[in-house]
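Read through the structure below, which is laid out as structure tokens, and then see the notes.
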Amino acid sequence: MNASTATRRAVLKSGVAALVLGFAVPATLRHAAASTGGELGAWLEITGEGKVRIAQPQSEMGQGIWTSMAQLVAEELEVDWQDVEIFSPIAGAAFNHPFYGFQTTAESFSIRAFWEPARQVGAKAREMLKRAAAERWGVYPGGLQARSGSIVNPLTGQSLAYGALVSEAAKFPEPESVQLKRPDQWRIIGRSVARDDTPVKLDGSAIYGTDVRVDGMLTAVPVFPPSFTGTVRSIDDAAARAISGVRHVVSLENVVYVVADAFWPASKGAAALSVDWDLGEAADLSTASVRQRLRDAVAEGRGKPVEAVGDIEAATSGADRIVDVTLEAPYLAHATMEPMNTTAHYTPDKLTIWSPTQAQGLMGFVAGAVGLDGSQVECHTTFLGGGLGRRFEIDLPIHAARVSKEVGAPVQVMWTREDDMRGGFYRPAAAARLRAAVDPEGNVTGFDGALACPSILARAVPDLAKGEIDHTSVDGVAEGTSPAGVPFHRQYEFGAASRVIYAMENTAIPVGFWRSVAHSQNAWFMEGFVNEIASETNQDPVALRIKLMKADRNRTVLERLAARAGWGSPAAGHHQGIAIHEAFGTVLGNVFEIAVEGNALRLVKVTSVADVGHAVHPDTIEAQMVSGAITGITAALWGEVTMQKGRVDQGNFDTYRMLTLAETPEFDVEILQLGGPVGGIGEPGTPPVAPALVQAVQNATGKTIRTLPLTASGFDLA
């Protein structure tokens, strides 16, 4: 399977797919390498001057993978970092994700997935270069060493630079197995090397999707219906076409594009366009009605069982007390800093796409939308001005391809902030009713949970939502395996009896993957619930968690977090809150320290501790821990998308507020490397924020808060 012909079946695979790393290239390419340098497959090129070009197939959206992935290759290749150049390759099968089976960046799964494969790329190239040197010198390759871009014979002192060997090395078959370096041998992994993407972002030469320019390119601006189920009845485009620069008006059933020479005439044309819409079933839909439906579902216990252990009825009926908590989370927008965009050029023989995408491997579906085969699409990935899951969707590439085909020219589809806020995909609203049976000593002897939310997978990957169970909706709250065979996990053991029910309450509001997916609400539910158990049973929240946790790793992170933050001893007039959550292979906890005057909050300090197994680039990990927390703070304080009569109320940052630099608290971050499997970091920093911040507010004010955002309870920043 190549990246441009990904089938839906391949997309849905949950097992580890075979990954063709950089050396599976045609024989003609192997033997065509010039004496001045050559390619060692799709991942590597070494020049005659010794410059090493490493492909970076994962989407760089600010999370630092551009540099970290190359560190894995460079470490095993034994080159000096200053000799490395990183480039974004055309999408292809050599870059398929080891887990998903197609090229994509999702679920903090870049370093985790490529931890061994990317290192093997470097190690295999190293061994091929050693073999080339051995044949040149007539010696056994096992006695040679790779050092700083050269192969050295330690017995004779002979040395050959990689650039002098690469054309010969490229002719050899790739080794079946290689020895990877031990952690005590690493020179590049574990170092905060200079990020390769920083200079181009500082001097403005970095190419984001909005920077793409193609000869003859037109710009297309959308006009959406005031309803998610709206379709076009008729169009009056006379006024739009009268605007200088407007060239075309293209209808795509549920969106109309005005196409012009540039953005501003297209935007003016869109404002002048008159469309008669059939609003469909969502014409009167409101988020208030949806959230009531979710509350009713958990109150009534509607849904499918996803966990059932022991006799929960006996555990609850015989308990000394029941802690019964219902918590809610709203819809959230992605609001990526770079507005949504994609450029496409359709010809009868080929579709070329330039996109800030997280889903290169799904471009075969885009080709199919314009009547081409998946092998006829070429995808160029730009830098992403934020992704947060929104750029996994392929709606804009499909729109750009269809409009380009219609108008016969390259087209850049460009959405405004308001377009994306009102016409995109949203983190699902959710509700949870969680009950704990507690004995007279304060021990939890049973857990009864009910979750309700719309399913992302039912829309995006329906084969993974079998049996009306979306594993991403219950991960972090329940323990088990979905009917599609995908496991989900909870970090706590609540006695001998547990039950969790999930109600898939789908609506016309389109939902999509948001930063940390359902962990963003499920950590709020679970950690908020544990904090309430501690409060109602007069137990310290840290001590209670240590009793309930299944894994020593989680206890280690929690104990280190509590010690580092001075848990229980805040400064005079300050108040603390704590939460910890396991997601994407990482355990991460936060302690918030705040000051409160009335309903005005001041964020003083956030202490964060995480175990990532092994750290590739510590500065990037720290940056992502802080970034994830800032995302979580923004969402916990203000994040909410509301809708009345089918129309989203929010439009830009004046109505969908973001945390500013002046409002940002001090951060104190510690990275643990406990040596287990490598964890992700782009998403785990967000989930523990809301429960820790809310607990700090509750400790300060004595008020019970069970609905986000905090502004719904009257709180805001000072």
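Mapping of the sequence shown onto the working numbering: position 472 corresponds to residue 472, and the numbering continues sequentially without gaps. For glycine and all other residues, C-beta sits at the position ideal for the given N, C-alpha and C.
* Compute the distance between the beta-carbons of I671 and M625, then report whether it is under 9 Å. => Counting from one through the sequence shown, the residue named residue 671 turns up at place 671. Counting from one through the sequence shown, the residue named residue 625 turns up at place 625. A contact, by the Cβ cut-off of 9 Å.
request  = Please say whether W415 and P339 have beta carbons closer to each other than 9 Å?
outcome  = On the sequence shown, residue 339 is found 339 positions in, with the first residue counted as 1. On the sequence shown, residue 415 is found 415 positions in, with the first residue counted as 1. Their beta carbons are under 9 Å apart, which means P339 touches W415 by this criterion.
Point to revise | Host alpha helix (DSSP H) of Q624 (start-end) | key: The residue labelled residue 624 in the question sits at position 624 within the sequence shown. From DSSP, the alpha helix (DSSP H) with Q624 extends over 618 to 637.
Original post:
Using a C-beta cutoff of 9 Å, does E45 count as contacting chain B?
Top reply: This model lacks chain B altogether; it includes just one protein chain.
- Message: With a threshold of 7 Å on Cβ separation, who are the neighbours of G50 within its own chain once the five nearest residues in sequence on each side are excluded?
- Response: If you number the sequence shown from 1, residue 50 lands on position 50. So the qualifying residues of the chain are D83, G149, A161, Y162, G163.
Tell me which same chain residues have a C-beta within less than 6 Å of the C-beta of D721, skipping the five on either side of it? Nothing in the structure corresponds to residue 721, since the chain is present only between 1 and 718.
Query raised in the report: What's the gap between the Cα of G485 and the Cα of L464?
Result: Within the sequence shown, the letter at position 485 stands for residue 485. Within the sequence shown, the letter at position 464 stands for residue 464. Approximately 8 Å, taken between the alpha carbons.
For this session: Enumerate in chain order the residues of its own chain whose CB-to-CB distance from E60 is below 7 Å, with the five nearest sequence positions on each side excluded.
Result: One-based indexing of the sequence shown puts residue 60 at position 60. Excluding residues within five positions, the ones whose Cβ falls inside 7 Å are W66, D197, F383, L384.
Taking just the CA atoms, how far does P330 sit from I630? Your numbering for residue 630 matches position 630 in the sequence shown. Your numbering for residue 330 matches position 330 in the sequence shown. If you take the alpha carbons of I630 and P330, they lie about 18 Å apart.
Of the residues F224, T47, L708, which one's Cα is nearest the Cα of W524? The residue you call residue 524 lines up with position 524 of the sequence shown. Nearest option by C-alpha distance: L708.
Taking the runs of the beta strand (DSSP E) that are 3 residues or longer, which of them lie wholly in the segment 325 to 350?
341 to 347
Discussion item. Report the start-end ranges of each alpha helix (DSSP H) in the segment 230 to 288 that is 4 residues or longer and not cut off at the edges.
Written reply: 238 to 241, 263 to 272
Three-state secondary structure assigned by DSSP to G41: Reading the sequence shown from its first residue, position 41 is the one you call residue 41. Coil.
**Prompt:** Taking Cβ positions, are A314 and A497 nearer each other than 9 Å?
**Reply:** Counted from its first residue, the sequence shown places residue 314 at position 314. Counted from its first residue, the sequence shown places residue 497 at position 497. For A314 and A497, yes; Cβs fall inside 9 Å.
| With 16 as the cutoff for other CB atoms within 10 Å, does A24 come out buried or exposed? | Along the sequence shown, read from residue 1 onward, the residue named residue 24 stands at position 24. Because the pLDDT at A24 is just 31, under 50, the model does not fix this residue reliably, and the point stays unresolved.
Does the Cβ-Cβ distance between A106 and P57 come in under 9 Å? Mapped onto the sequence shown, residue 106 falls at position 106. Mapped onto the sequence shown, residue 57 falls at position 57. The answer is no: Cβ separation not under 9 Å.
V403 to T343, Cα distance in whole Å? Here residue 403 corresponds to residue number 403 of the sequence shown, with the count starting at 1. Here residue 343 corresponds to residue number 343 of the sequence shown, with the count starting at 1. The straight-line gap from Cα to Cα measures roughly 10 Å.
* Who are the Cβ neighbours of A712 in its own chain at under 7 Å, not counting the five residues just before and after it? -> Working through the sequence shown from its first residue, we reach residue 712 at position 712. Within the same chain, A712 has no close Cβ partners at all.
Q. Along the chain, where does the alpha helix (DSSP H) that runs through P98 open and close?
A. Taking the sequence shown and counting its residues from 1, the one referred to as residue 98 is at position 98. Looking at the DSSP string, P98 is not in any alpha helix (DSSP H), and its letter there is neither H nor E.
Check your understanding: So, is W264 buried or exposed, given that buried needs 16 or more other C-beta atoms within 10 angstroms?
Key -> By 1-based counting over the sequence shown, the position of residue 264 is 264. Exposed.
| said: Using a Cβ-Cβ cutoff of less than 6 Å, which residues in the same chain neighbour S608 once the five nearest sequence positions on both sides are dropped? | reply: By 1-based counting over the sequence shown, the position of residue 608 is 608. Taken in chain order, the residues that qualify are N590, M625, V669.
Query raised in the report: Hey, is the segment 501 to 508 in contact with the segment 284 to 294, meaning 3+ C-beta pairs nearer than 8 Å?
Result: yes
query: Looking at the unbroken beta strand (DSSP E) that takes in A55, where does it start and where does it end?
result: Taking the sequence shown and counting its residues from 1, the one referred to as residue 55 is at position 55. From DSSP, the beta strand (DSSP E) with A55 extends over 52 to 55.
#### Entry: Three-state secondary structure assigned by DSSP to N531
For the purposes of this step, residue 531 is identified with residue 531 of the sequence shown, where counting begins at 1. Correct three-state label for N531: helix.
Only counting the same chain, and skipping five residues up and downstream in sequence, which positions put a Cβ closer than 6 Å to that of P183? If you number the sequence shown from 1, residue 183 lands on position 183. Closer than 6 Å at Cβ, skipping near neighbours: no residue.
Cα-Cα separation between G41 and S482, rounded to whole angstroms = Against the sequence shown, residue 41 aligns to sequence position 41. Against the sequence shown, residue 482 aligns to sequence position 482. Rounded to whole angstroms, G41 to S482 spans 38 Å at the Cα level.
Run through DSSP, which three-state label would Y162 get? Reading the sequence shown from its first residue, position 162 is the one you call residue 162. In the structure shown, Y162 sits in a helix (DSSP, three-state: H, G or I).
Measure the alpha-carbon distance for A460 versus V444 and round it to whole angstroms. Residue mapping note: residue 460 aligns to position 460 of the sequence shown, counting from 1. Residue mapping note: residue 444 aligns to position 444 of the sequence shown, counting from 1. Rounded to the nearest angstrom, the two C-alpha atoms are 37 Å apart.
> Under 9 Å between the Cβ atoms of P618 and G190?
Replying inline: Counted from its first residue, the sequence shown places residue 618 at position 618. Counted from its first residue, the sequence shown places residue 190 at position 190. Yes, they are a contact pair.
- [ ] Hey, could you find the ends of the beta strand (DSSP E) G498 is sitting in?
- [x] Residue mapping note: residue 498 aligns to position 498 of the sequence shown, counting from 1. Residue 498 is actually Ser in this sequence, not Gly. Run containing S498: 497 to 504, per the beta strand (DSSP E) assignment.
> What's the gap between the Cα of S167 and the Cα of L129?
Replying inline: As a working note, residue 167 is residue 167 in the sequence shown. As a working note, residue 129 is residue 129 in the sequence shown. Spanning the two alpha carbons is a distance of roughly 9 Å.
Could you check whether Q71 and V587 sit closer than 9 Å to each other, using their CB atoms as the reference points?
Residue 587 sits at position 587 when you count from the first residue of the sequence shown. Residue 71 sits at position 71 when you count from the first residue of the sequence shown. Result no, Cβ atoms of V587 and Q71 do not sit closer than 9 Å.
Exercise for review: Let me know the secondary structure DSSP gives K605 once reduced to three states.
Suggested key: Translated into positions along the sequence shown, residue 605 becomes position 605. The answer is strand: DSSP assigns K605 an E or B state.
- D278 versus G245: straight-line alpha-carbon distance, rounded: Position 278 of the sequence shown, counting from 1, holds the residue named residue 278. Position 245 of the sequence shown, counting from 1, holds the residue named residue 245. Those two C-alpha atoms are separated by around 29 Å.
Quick one: residues in its chain with C-beta nearer than 7 Å to the C-beta of E514, no 5 flanking neighbours on either side, listed in chain order? The residue you call residue 514 lines up with position 514 of the sequence shown. Note that residue 514 is Trp in the sequence shown, not Glu. Here the set comprises L332, H334, L388, G389, R427, S520.
Exercise for review: Alpha carbon to alpha carbon, how far is I151 from V517? Give it in angstroms, no decimals.
Suggested key: Taking the first residue of the sequence shown as 1, we reach residue 517 at position 517. Taking the first residue of the sequence shown as 1, we reach residue 151 at position 151. Distance between the alpha carbons of V517 and I151 is about 46 Å.
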